[in-house]
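Below: one structure, written as structure tokens.
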Amino acid sequence: MPETTPRGLTRLAFGGDYNPEQWPESVWQEDVRLMREAGVTMVSVGIFSWALLEPRPGVYDFGWLDRILDLLHDNGIRVDLGTPTVVPPAWFYRAHPDALPVTADGVRLAFGSRGAICHSNAHYRTAATTITTQLAERYADHPALAMWHVHNEYGVPVSACYCDSCAAHFRRWLATTYGTVDAVNEAWGTAFWGQRYAHLDEIDPPRTAATVGNPGQALDYKRFADATMRENFVAERDILHRLTPGVPVTTNFMVALSQCDSVDYWAWGREVDIVTNDHYLITDGRRTHVNLAMAADLTRSVAGGAPWLLLEHSTSGVNWQPRNPAKAPGQMARNSLGHVARGSEGAMFFQWRQSRRGAEKFHSAMVPHGGTDTRVWREVVELGASLDSLSTVRGTRTTADVAVLWDWHSWWAQTLDWRPSEDHDPRERADAFYEALYDRHLTVDFAHPEADLSAYPLVVVPALYLMTEKAGRNVREYVENGGTVVVSYFSGIVDQHDAVHEGAHPGALRDVLGLTVEEFSPLLPGQAVRIAGSDGSELTGDVWTEVVVPRGAEPVWTYADGLTAGHPAVTRNRHGRGTAWYVSTRLGAQGLDALLGWAIEDAGVDARADLPRDVEVVRRTGESGTYLFAINHTAADVKVPLETDGTELLTGERAAGRLPVPAGAVRVVRLDG
Ligand code: GAL
């Protein structure tokens, strides 16, 4: 069995992508000296090195990699070794131009960047498994090898290819998935617009067509493209498992970034030995630490609650957004330790030394262009020491209070064409509900809609448009057995083929919610509706309204104006031993907070009211004890009430009663007992 932690690593992982091939070997000596100074424990090497490792077909040059691995090992630094299959060399594409991917519009992408791969291409598959075999054979016994880093961020920048070999591969996938063409016709509803197929050979990828294509086909193509990338990952992984038994294999995910929505990480999480994630702050005006917390919670959930590893984030600004602000003093440590609080077994960065050339030279790094007499470097060294003092946290698990249902397939289905409103963004709803829970200081696990929910007192369902019958049954049984759910509009509408469930909306949930939705009535830009509460409160909704007809549910807030006036906007239904809330409009932060207030009471969830906004408190628990992480994102000093005394690990001081957390600081208390 492969191990599930980096081999030979006895402390938290701290380091980053290390690209020594961009530097003369004289710099390598300084690199390892500085790595030791900063307390670096592991680096990722060789991710983009195929053209250097195999400069001509079948001719290998491992010399430089041998030397750097030896040097790292001599300095006590573990290696996360890349298989370089995300960028085949130029000679490969000259020989096999058909390995370059084709867009839905029929444009073949060019070489000269990265990640331009048709994952169905047989030449690519052979070349990728060959270089992987070479690396595995050569480094199987290298003492620096801690884990394997396959490829890089599958799904980015190209998530699907529409070429002829993909078309043939898609047909084979359909044959395996459905058996017959009739089953495909049935699933996709091809009676509509005369799209019926007589033979599987007539089916193509959903290429650019005259107007909107078949949604079932589009959804299945996303599944196919995801499964095809996964096949290639599994092929590399199996070689590595066979040739380097025990060494864990990972590939770096980009969970929760909208830029990478093409990968079903529930499925990928089951294939890797260690879940690893890359996370970058998106500077779109929202609170970046909330998105970070969400990404970390989702990554941990994809890992089944097990410890995972942050493989990339940035010391300061990135370079690929329209505007790339530097991080404020202290922000990097809050970010890194925020991930650790939520289950990461360390904090790694892109990248070790800032490049002088190439597309990413303005991306921050652990060693900036300015060298060691810089704020970033000083904070890097400080972070290394902090992580060192947290070594015993390894192996403990973050404890969550509530669950949010999450499904990439439902997200994919909601972003297909011709939905009731293009202003409805399922990701926006997931973010908004997460933020409302975060603001009530609740730690969130994400759960697949068909997963066991019985451990959670409260389950939130934000815009889960696609729900299988099994998922509907799961939610129903959860409520029958005493659970509380909060369901947001446009949930439970279609099955796995994007076919509307039989009967009135929302087919998968109408009995548990005790209502039917007669019509969707999205609002125009700038329009809002007033909704009045039975307790005299008033809220507003926008983007979406519905004609809700209660069939057992009690109206709690009612539309006061607009087309849906008089119909309930928010309802509560007692079902079995539990309670199901439904909200049929888009509530802002104030509305969501009010709604959650009621639901939390029903669920008996103990939300901490003793903490100021933007003071994050999260726990990890395990054999070595319980650790309370307190992260102060505010500009004011705060005091966090402790239920037990303990030792603060970053300062080494005793902590009792109320833990002082200075403005912008992090504190980690190992609780006594
Ligand atoms: C990641 C990628 C790295 C680097 C980084 C920059 O997505 O894996 O190679 O490009 O972004 O932020």
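In my numbering, the protein residues as written are 314 to 986. Glycine is no exception: its CB is placed at the ideal position from the N, C-alpha and C atoms.
query: Rounded straight-line distance, which links the Cα of Leu755 to that of Val715; result: 7 Å
query: Check: Asp906 C-beta below 7 Å from any heavy atom of the ligand GAL; result: no
query: Proximity test, Ser627 beta-carbon vs the ligand GAL heavy atom, cut-off 7 Å; result: yes
query: Residues bridged to Ser357 (per DSSP); result: Asp330 and Asp393
query: Span separating the alpha-carbon of Val585 from that of Val860; result: 45 Å
query: Pick from His512, Thr490, Asn465 and Ala569 that is closest to Phe546, judged by C-alpha positions; result: Asn465
query: Cβ neighbour criterion (16 or more within 10 Å) applied to Ala641; result: exposed
query: Status (buried if at least 16 other CB within 10 Å, exposed otherwise) for His652; result: buried
query: Tyr593: CB within 7 Å of a non-hydrogen atom of the ligand GAL; result: yes
query: Inter-residue spacing [alpha-carbon to alpha-carbon] between Val799 and Thr728; result: 22 Å
query: Cβ shell of Thr445 (< 6 Å), same chain only, five flanking positions each side left out; result: Thr396, Glu549 and Ile552
query: Neighbour-count burial assignment, Met567, 16 or more Cβ in a 10 Å radius; result: buried
query: Nearest neighbour of Gly359, chosen from Leu448, Leu322, Pro518 and Thr416 [CA to CA]; result: Leu448
query: Secondary structure of Asp758, DSSP reduced to three states; result: strand
query: Outcome for Leu837 when other beta-carbon atoms lying within 10 angstroms are tallied against a minimum of 16; result: exposed
query: Of the listed residues Thr612, Leu605, Leu594 and Val560, nearest to Tyr578 (C-alpha basis); result: Thr612
query: For Val930, the nearest candidate out of Val693, His602 and Leu487 (CA to CA); result: His602
query: Check: Phe803 C-beta below 7 Å from any heavy atom of the ligand GAL; result: no
query: Option in Ala969, Met607 and Val862 with minimal Cα separation from Tyr747; result: Met607
query: Extent of the continuous alpha helix (DSSP H) to which Ile806 belongs; result: Unbroken run through Ile806: none, as it is neither H nor E.
query: Alpha-carbon to alpha-carbon, Tyr467 and Thr398; result: 10 Å
query: Straight-line gap, Glu544 to Leu779 (C-alpha atoms, nearest Å); result: 25 Å
query: Cβ-based burial, Asp950 [other Cβ within 10 Å; buried from 16]; result: exposed
query: In DSSP terms, what Gly425 is bridged to; result: BP columns for Gly425 are empty, so no partner.
query: Same chain, Cβ closer than 7 Å to Ala912, five either side skipped, listed in chain order; result: Leu771, Thr797, Val799 and Trp894
query: Residue from Ser614, Ile390, Asp985 and Ser629 whose Cα sits closest to the Cα of Ala457; result: Ile390
query: Nearest residue (CA-CA) to Val471, options Arg427, Tyr373 and Asn332; result: Arg427
query: Exposed unless 16 or more other CB atoms sit within 10 angstroms - verdict on Thr524; result: exposed
query: Coil, strand or helix - Pro863 by DSSP; result: strand
query: Asp330 Cβ short of 7 Å to the ligand GAL heavy atom set; result: yes
query: Contained alpha helix (DSSP H) runs [length at least 4] in the region 582 to 634, N- to C-terminal order; result: 601 to 615
query: Closer than 7 Å: Val631 CB and nearest the ligand GAL heavy atom; result: yes
query: Rounded C-alpha distance that separates Ala473 from Asp738; result: 22 Å
query: Exposure of Pro975, with buried meaning 16 or more beta-carbon neighbours within 10 Å; result: exposed
query: Near the ligand GAL: Glu334 beta-carbon under 7 Å from a heavy atom; result: no
query: Glu466 beta carbon near the ligand GAL (any heavy atom closer than 7 Å); result: yes
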